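Mapping of the sequence shown onto mature numbering (1 follows the signal peptide of the UniProt record, and there is no 0): residues -21 to -1, 1 to 518, in sequence order. Working notes, beginning with the structure itself.
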Amino acid sequence: MAFNACVALSLTNSQLFLVSSMRVCSGFRSSVACNLRCRRLKGDAVSIGSRFRNFGVARAKGQKIEDHSLLDDSMDNTDDEQVGDVRPMVPERDFTGTAYVPVYVMLPLSVIDMNCELVDPEDLLNQLRVLKSANVDGVMIDCWWGIVEAHAPQVYNWSGYRRLFQMVRDLKLKLQVVMSFHECGGNVGDDVHIPLPQWVTEIGETNPDIYFTDREERRNTECLTWGIDKERVLKRRTAVEVYFDYMRSFRVEFDEFFQDGIISEIEIGLGPCGELRYPSYPAKHDWTYPGIGEFQCYDKYLMKSLSKAAEVRGHSFWGRGPENAGSYNSAPHEIGFFRDGGDYDSYYGRFFLNWYSQVLIDHGDRVLALANLAFEGTGISAKLSGIHWWYKTASHAAELTAGFYNSSNRDGYAPIAAMLRKHEVALNFTCFEMRTVDQYEGFPEALADPEGLVWQVLNAAWDACIPLASENALPCYDREGYNKILENAKPLHNPDGRHLSVFTYLRLSPVLMERHNFQEFERFVKRMHGEAVSDSNAI
């Protein structure tokens, strides 16, 4: 498939050096300055099948923003996160009459407390009314496993979410809901800490192998290892059964919101930060950009799987992890496994990487199959992280440790796209806003290529005919940033009319509510919707 039009995906000239893949708690955020601009998109390419048609559009009409006293009148009020530079007016592309791309806004992490109660509902209602005035299509909310099923297996408390959903419905907004099976906290932008359920962490105290583990036997408690997907170690349930029971409880509890079409999409958490990847670069283990990360397969369950795979292959001595794969902050050229001509491309290396990446795909396959059962008739999405550093090396080491077998002689994303296509699931990818040239301003040694990675993933997703979705990783308030998002959302001269189908903005905050910032945001929403704007300098 030709992607000449994707040249229009000229990404941000922000000086962001990392890509943060998750709206909530991306590991990248611990290594990037809060005031750097980072934007991600969310959308899809073409609708296929009944499920994809449910990624719908809600054209809500509301008040003008001038009606809201909640908006800060001061044009001088700035924030560390706000971009304060004034740039000369440059010609803009005219998006009038272009495809309608729905815009959602993520709600604050602290909107639901650990007792599953809605925090400050009156203030939230006022803010939602302001969002409604900008004709946003809806909001996104995380439903945290660690809150809802906190104290005992299969004892669910959805009370705070019900009150929130009713508020959203009353305003005639839509909902994107995330099934968040991971821990939140410890990263830039995370103002709350939400651990895994207490009863799960109690199991982990006596059986730490329920967590992903590195070669030094350091445990990562952010999420459960995929090695227990089919092991009955969670109070006589497997991890996959636990996830399914949770999803099914949500579907039953909020049936009316599904029937009324208020819930437009469910995003399924599949790993750390809700992403389908291994936790290969955790800040809690002192990873810093652009370290290659470490393989995370040393819990006893994954090691058992590896040993079995080696025996089936006829080489039982291959049932071990690489011994020369370096540490979290290594560079590939320093390491025997990842250097050019290294062991990653040996017979053993190819065997190990095939197994490691297949575990990732199998996990997504299992959980998404059950998600289809739980949420039949509703759009489902899954998130992939954009690991762009070391992309210009032969081994693509950082991608390999994260589970993407994408070395220079392989396509690591096509098999994932094929798995998503099997379940009619949209791909939420995160690297759309970045330009390769900007990476050389801060970390030229990282040999990063976000644009090359985006091109590859676009090809994989569109060849598989699956929708594409994305969202910004850090707050964005300036017109230049919004223009980049628009260019990426609606590629110019795309021969197939491809475009992203939904964008989710991170996040509702007091800074966004400042009058000037919100006026820019409202203007951005109009252009995403294909509407004309009065102050356009369009060409």
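The beta carbon of each residue, even a glycine, is placed where N, CA and C say it ideally should be. For clarity, every value in this text was computed on a predicted model and none was experimentally measured.
### Query
Straight-line CA distance for V3 to D102?
Any reading at V3 must be qualified, since the residue scores a pLDDT of 37, below 50, and its modelled position is unreliable; the value itself is stated next. Their Cα atoms are separated by approximately 21 Å.
### Query
Apart from the five residues on each side of it in sequence, which residues of its chain come closer than 8 Å, Cβ to Cβ, to L465?
R72, F74, F503, R506 and M507
### Task
With a floor of 3 residues, list each beta strand (DSSP E) that falls wholly inside the region 228 to 299, ordered by position along the chain.
242 to 247
### Task
Kindly indicate the opening and closing residues of the alpha helix (DSSP H) around Q337.
Y326 to A353
### Task
Following the continuous alpha helix (DSSP H) through S112, name the residue where it begins and the one where it ends.
P100 to S112
#### Entry: Reference P81, options S89, I91, E424 and T483, closest by Cα
T483
### Message
Determine whether the beta carbon atoms of C202 and H161 lie at a separation below 7 Å.
### Response
yes
#### Entry: Spatially closest choice to E254 from M158, Y461, R215 and P176, by CA coordinates
M158
### Query
Where V98 and D92 are concerned, what is the direct C-alpha to C-alpha distance, given to the nearest angstrom?
7 Å
### Message
On the CB-based measure, 16 or more other CB atoms within 10 Å of its CB, does A511 come out buried or exposed?
### Response
exposed
### Message
Check whether the region 260 to 271 and the region 422 to 438 touch, using three or more Cβ-Cβ pairs below 8 Å as the test.
### Response
yes
#### Entry: Unbroken beta strand (DSSP E) run spanning G117, endpoints
G117 to W123
### Query
Can the beta-carbon of V404 be found closer than 7 Å to that of I359?
yes
### Task
Grab the span of the beta strand (DSSP E) containing E450 for me, first residue to last.
L447 to E450
### Query
With which residues is N199 paired in a DSSP beta bridge?
F191
### Query
Alpha carbon to alpha carbon, what distance is there between F296 and E355?
44 Å
### Task
Look at the alpha carbon of R345 and the alpha carbon of T217, and state the distance between them as a whole number of angstroms.
12 Å
### Message
Quick check on Y370: does DSSP put it in helix, strand or coil?
### Response
coil
### Endpoints, the alpha helix (DSSP H) within which G421 is located
T415 to G421
### Query
According to DSSP, is S480 helix, strand or coil?
coil
#### Entry: Burial state of S513 (16 or more Cβ within 10 Å)
exposed
### Task
Could you round the C-beta distance between L447 and A440 to whole angstroms and report it? I think they count as a contact, below 8 Å.
5 Å
### Task
Using DSSP bridges, identify the partner residues of Q155.
M119 and E244
#### Entry: Helix, strand or coil at N407 [DSSP, three-state]
strand
### Task
Report the rounded CA-to-CA distance for N451 versus M119, giving the unit in angstroms.
13 Å
### Query
Closest by CA to R256, which one among K401, S488 and S336?
S336
### Message
Can you give me the C-alpha to C-alpha distance between L50 and L86, rounded to a whole angstrom?
### Response
17 Å
### Query
What's the call for V221, buried or exposed, on a 16-neighbour Cβ count within 10 Å?
buried
### Of the residues H172, H402, G476 and Y419, the one placed nearest A443, counting alpha carbons only
H402
### Task
Take the Cβ of D170 as the centre, count every other Cβ of all protein chains shown within 10 Å, and call the residue buried at 16 or more, exposed below.
exposed
### Paired residues, beta bridge with K401 - DSSP
In the DSSP output, where bridge partners are listed per residue, K401 has none listed.
### C-beta contact flag for T180 and Y190 at 7 Å
no
#### Entry: Of the residues N333, P261 and W137, the one placed nearest S306, counting alpha carbons only
P261
### Message
My assumption, with CB atoms under 8 Å, is that F330 sits in contact with P301. Please give the rounded CB distance.
### Response
Wrong, their Cβ atoms sit about 11 Å apart, outside the cutoff.
### Query
Quick one, which of Q106, S259, H472 and E235 has its alpha-carbon nearest D193's?
S259
### Message
If you reduce the DSSP assignment to three classes, tell me which class I91 lands in.
### Response
strand
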